[in-house]
Amino acid sequence: METTNRWNMMNAACPTRQVLDRIADKWTMLVIVALEHGTLRFSEVRRSIDGITQKMLTQTLRALERDGIVDREVIATVPVTVRYSLTPLGHSLADAVGVIREWAYANMDAIDAARAAYEPGTGAPPTPVAIARAASS
């Protein structure tokens, strides 16, 4: 797929910047992870993400639904039941989020070491640390 000339995220006017802002949001990533294994009700999504407020979850789910990443299904029960699931586009994003998650897990020790070595206020750079490389599949 040729995208080199069509999109350039380094250009301020490129719409991919909005997409990247949405994807890079911490709540978006956590909602994607929560939904990657199946359909959940709103309350189930909220319980699975420690620290998210009802308002923030609502905003995040609406934005993901608008972008075609999450599907919202309303079931006529009393009270109304609303279920959320990833669309095929959402599942493709979940694959990318999974790679980022695994990178974070594999490199937390190195990141913690760099943070511990960093001396704010002195201008001293952090001590270089070894980087774990993921095995290629």
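Heads up: take any position in the sequence shown, counting from 1, add 21, and you land on my numbering. A virtual CB, placed ideally from N, CA and C, is assigned to each residue, including glycine. For clarity, every value in this text was computed on a predicted model and none was experimentally measured.
Exercise. What residues are listed by DSSP as bridge partners for Val-91?
Worked result: Counting from one through the sequence shown, the residue named residue 91 turns up at place 70. Residue pairing of Val-91 in beta bridges, as defined by DSSP: Leu-107.
Problem set entry | Whether Leu-78 touches Ile-70 by CB criterion (9 Å) | Here residue 78 refers to the residue found at position 57 of the sequence shown. Here residue 70 refers to the residue found at position 49 of the sequence shown. A contact, by the Cβ cut-off of 9 Å.
Exercise. So Asp-71 is in the alpha helix (DSSP H); what residue range does that whole segment cover?
Worked result: Taking the sequence shown and counting its residues from 1, the one referred to as residue 71 is at position 50. Unbroken run through Asp-71: none, as it is neither H nor E.
Exercise. Are there 16 or more other CB atoms within 10 angstroms of the CB of Tyr-126, so buried, or fewer, so exposed?
Worked result: For the purposes of this step, residue 126 is taken as residue 105 along the sequence shown, with counting starting at 1. Exposed, because fewer than 16 other Cβ atoms sit within 10 Å of the Cβ of Tyr-126.
For this session: Kindly indicate which residue of Arg-122, Ala-97 and Ala-34 has the alpha-carbon position closest to the one of Glu-57.
Result: In the sequence shown, the residue the question calls residue 57 occupies position 36. Of the candidates Arg-122, Ala-97 and Ala-34, Arg-122 places its Cα closest to the Cα of Glu-57.
Problem set entry | Euclidean distance between Cα positions of Ser-106 and Gln-75 | Against the sequence shown, residue 106 aligns to sequence position 85. Against the sequence shown, residue 75 aligns to sequence position 54. Looking at the two C-alpha atoms, the distance is approximately 18 Å.
Problem set entry | Buried versus exposed, by CB contacts within 10 Å (16 or more), Thr-102 | Counting from 1 along the sequence shown, the entry for residue 102 is found at position 81. It is exposed - the Cβ of Thr-102 has fewer than 16 other Cβ atoms within 10 Å.
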